[in-house]
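Engineer:
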Amino acid sequence: MLKSKRDKKVSLKTAKKGLELKQNLIEELRKCVDTYKYLFIFSVANMRNSKLKDIRNAWKHSQMFFGKNKVMMVALGRSPSDEYKDNLHQVSKKLRVPPPLGGLLFTNCTKEEVNEWFTEYTEMDFARAGNKATLTVSLDPGPLKQFPHPMEPQLRQLGLPTAPKKGVATLLSDYEVCKEGDVLTPEQARVLKLFGSEMAEFKVTTKYMWDAHSGRFQQMDDDLPESAPECEGESEEEDDS
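In the UniProt record's numbering, the protein residues as written are 1 to 241.
As structure tokens, then:
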């Protein structure tokens, strides 16, 4: 006898756990609002989880939250009537408007210190499909000794004019991988990675800041008299969100 779909039992444990995690995140965010002097909103170009982890490790004296924008907006408040502290609804606006900014940094470091560190920090990585080529890459004909012989068919499948010669994968003619400004295909991105050409710049840019003492919300390029001469803050367990 066939069972009705209405008779199917559904476990609510997953939903309950999800709500608990969200509530914990809300509490953690509000704790940071109460603890740190400044809140910075940042965006990320060419997101790489491993490189964002490096930044988290470098800023262990602070707290960084990335993703879960809707939960962050609930914690901070969406309007003047429900904001956790003065002007935090302005932060939520920036987390909501398209394209939404990527994350939050709570810290006792001053605006100048934060701006200087993130301005100087940049890491290159391999471009992915959909990225734009930042330069033209061409390959000269000849043996490709950096690749083992069994890889030759793979190179050919990626569009390279190759053939095995004397046990070595060999490029038979000039080959243009991409032109500057091209939107890279998966095949082009793979070839660039195989040849070690990095075109993606991982960059975190701080856009706005909120001052816990004054409640002032401002763009990073606005002038602000500093109230904390040094980067203060004890090392705390970073958020895994």
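All C-beta atoms in this analysis are idealised placements derived from N, C-alpha and C, irrespective of residue type, glycine included. Computed from a predicted structure; not experimentally measured.
Where does Asp221 fall in DSSP's three states?
Structural biologist: The answer is coil: DSSP assigns Asp221 none of H, G, I, E or B.
Engineer: Reducing DSSP to helix, strand and coil, say where Pro229 ends up.
Structural biologist: Legend: pLDDT at Pro229 = 36, less than 50; position of this residue unreliable, no value from coordinates given.
Engineer: For a test of the three-state rule: what should DSSP assign to Lys132, helix, strand or coil?
Structural biologist: Note: Lys132 maps to strand in three-state DSSP.
Engineer: So, at 7 Å on beta carbons, what are the nonlocal neighbours of Leu171 in its own chain, with the 5 sequence-adjacent residues on each side left out?
Structural biologist: Taken in chain order, the residues that qualify are Leu139, Pro141, Gly142, Leu144, Leu160, Pro161 and Thr162.
Engineer: Between which residues of its own chain and residue 305 is the CB-CB distance below 6 Å, once the five residues before and five after are set aside?
Structural biologist: Look at the range of the chain in this structure, 1 to 241, and you will see that residue 305 is not part of it.
Engineer: Could you check which residue in Gln157, Glu176, Phe126 and His149 has the C-alpha nearest to that of residue 254?
Structural biologist: This structure cannot speak to residue 254, because the chain is shown only from 1 to 241.
Engineer: For Lys22, which residues does DSSP report across the bridge?
Structural biologist: Paired residue(s): none; Lys22 is not in a bridge.
Engineer: Between Cys109 and Gln63, is the Cβ-Cβ spacing less than 8 Å?
Structural biologist: In this structure, Gln63 does not lie closer than 8 Å to Cys109 by Cβ.
Engineer: So the alpha helix (DSSP H) Asp54 belongs to, where does it begin and stop?
Structural biologist: Element bounds for Asp54: Asn49 to Ala58.
Engineer: Short check: CB of Leu192 to CB of Val137, under 8 Å?
Structural biologist: Cβ atoms of Leu192 and Val137: closer than 8 Å.
Engineer: Just the C-alpha distance for Met220 and Arg78, rounded to the nearest angstrom, thanks.
Structural biologist: Taking the straight line joining both Cα atoms gives about 21 Å.
Engineer: On the criterion of 16 or more Cβ atoms from any shown chain inside 10 Å, does Gln23 qualify as buried, or is it exposed?
Structural biologist: By the 10 Å Cβ count, Gln23 comes out exposed.
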